[in-house]
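In my numbering, the protein residues as written are 4 to 344.
To start, the structure under review is shown below, and the notes come after it.
Next up, the structure:
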């Protein structure tokens, strides 16, 4: 049985890092931190989003950073010349790590470990998204998990439960297709968490299409529930292909026969779930150290911090308004289609 501190989520990745430059936490989690010199990026009743103003960086350190603040971190590290084996972990956003963003990486960062990796480089290593942190009220938390391997008593076959508008182009079509299939069950995305978790436990396969990001919490909720997520192949999953995840090239490939054959091909007693334990990933991240006592004091300029946060908030508002606009455009389009029938 895994302990809560061993389950994959952004909070546990951060707690295993030497420096947490920026992250989003619940108020209770934030109040337990031992930090003094920081700036609040954003705050509401559910979470606190902060970044450090200064920190002491040593050779071989692991830095955790909310992906939205990674460019701010890169500015601070771009002139660091005496360090060359820093490890970076980014998480907590849907941002795809592409070539243009990766090329901004300062030379002092040797390896970058991230969710939603969209660029292939030996120094950019995909890691799992894992479960949601506790500031998200709509997801399963580490405290809800009692993982003991693959369930053997699951009788139903394929389960669907997702919000279409996080990736409407793909998700809406998938939902409309599979809700008509007798061996699949399309459930309401408005279930409470207890009902949702019970449903995950009752179906052998759970369809987990890409959402705002490539990786989704549903993939990991399903694995920790003892069943099998089904999702599209992508480079960001390349390090977890040995877990019981059914990868497809297209969702229309999924058939009753495919699901049955995949399950029957599994050697359930021999499945190695070590990659569901955060200790595996932390060991991998910290595996390559070099002999050095070099270090560097890093301090952000107040004006630069304020400017970066202003840009972040402005861009966030623009993105939010664009999402709302797109939502209403789609609503109008659907209404027009109804009147044409």
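Heads up, the beta-carbon is just placed ideally off N, CA and C, and yes, glycines get one too.
Burial state of residue i, where buried means 16 or more other Cβ atoms lie within 10 Å
i, result
"residue 207", "buried"
"residue 362", "Look at the range of the chain in this structure, 4 to 344, and you will see that residue 362 is not part of it."
"residue 271", "exposed"
"residue 321", "exposed"
"residue 66", "buried"
"residue 152", "exposed"
"residue 90", "buried"
"residue 26", "buried"
"residue 38", "exposed"
"residue 310", "exposed"
"residue 141", "exposed"
"residue 328", "exposed"
"residue 186", "exposed"
C-beta atoms of residue i and residue j nearer than 9 Å
i, j, result
"residue 209", "residue 195", "no"
"residue 62", "residue 35", "no"
"residue 30", "residue 135", "no"
"residue 164", "residue 191", "yes"
"residue 252", "residue 236", "yes"
"residue 109", "residue 117", "no"
"residue 227", "residue 143", "yes"
"residue 54", "residue 70", "no"
"residue 20", "residue 92", "yes"
"residue 10", "residue 150", "yes"
"residue 137", "residue 14", "yes"
"residue 254", "residue 203", "no"
"residue 284", "residue 50", "no"
"residue 200", "residue 147", "yes"
"residue 315", "residue 23", "no"
"residue 133", "residue 263", "no"
"residue 85", "residue 297", "yes"
"residue 213", "residue 173", "yes"
"residue 286", "residue 83", "no"
Delimiting residues of the alpha helix (DSSP H) encompassing residue i
i, result
"residue 174", "171 to 181"
"residue 225", "220 to 227"
"residue 265", "259 to 268"
"residue 17", "13 to 18"
"residue 301", "Where residue 301 is concerned, there is no enclosing alpha helix (DSSP H), although the beta strand (DSSP E) it sits in stretches over 298 to 302."
"residue 193", "No alpha helix (DSSP H) holds residue 193; DSSP gives it neither H nor E."
"residue 77", "73 to 80"
"residue 104", "102 to 105"
Nearest-angstrom Cα separation, counted from residue j out to residue i
i, j, result
"residue 160", "residue 98", "32 Å"
"residue 52", "residue 261", "43 Å"
"residue 233", "residue 269", "15 Å"
"residue 205", "residue 250", "21 Å"
"residue 241", "residue 131", "10 Å"
"residue 312", "residue 325", "20 Å"
"residue 58", "residue 293", "21 Å"
"residue 113", "residue 267", "42 Å"
"residue 40", "residue 56", "6 Å"
"residue 245", "residue 278", "9 Å"
"residue 156", "residue 275", "19 Å"
"residue 238", "residue 145", "26 Å"
"residue 111", "residue 60", "11 Å"
"residue 307", "residue 75", "9 Å"
Limits of the beta strand (DSSP E) - the one that residue i falls within
i, result
"residue 69", "65 to 69"
"residue 115", "112 to 117"
"residue 160", "159 to 163"
"residue 120", "Unbroken run through residue 120: none, as it is neither H nor E."
"residue 94", "89 to 94"
"residue 43", "41 to 46"
"residue 58", "57 to 61"
Any non-hydrogen atom of the ligand MN closer than 8 Å to residue i Cβ
i, result
"residue 257", "Absence of the ligand MN is noted for the structure shown, with no ligands found whatsoever."
- Message: Taking contact to mean 3 or more Cβ pairs, one atom from each stretch, closer than 8 Å, check whether the region 115 to 125 and the region 165 to 179 are in contact.
- Response: Because the criterion of three Cβ pairs below 8 Å is not met, the region 115 to 125 and the region 165 to 179 do not touch.
- At least 3 beta-carbon pairs within less than 8 Å: the region 172 to 192 vs the region 96 to 110: no
- Query: Taking contact to mean at least 3 C-beta pairs separated by less than 8 Å, is the region 75 to 94 in contact with the region 286 to 305?
  - Reply: yes
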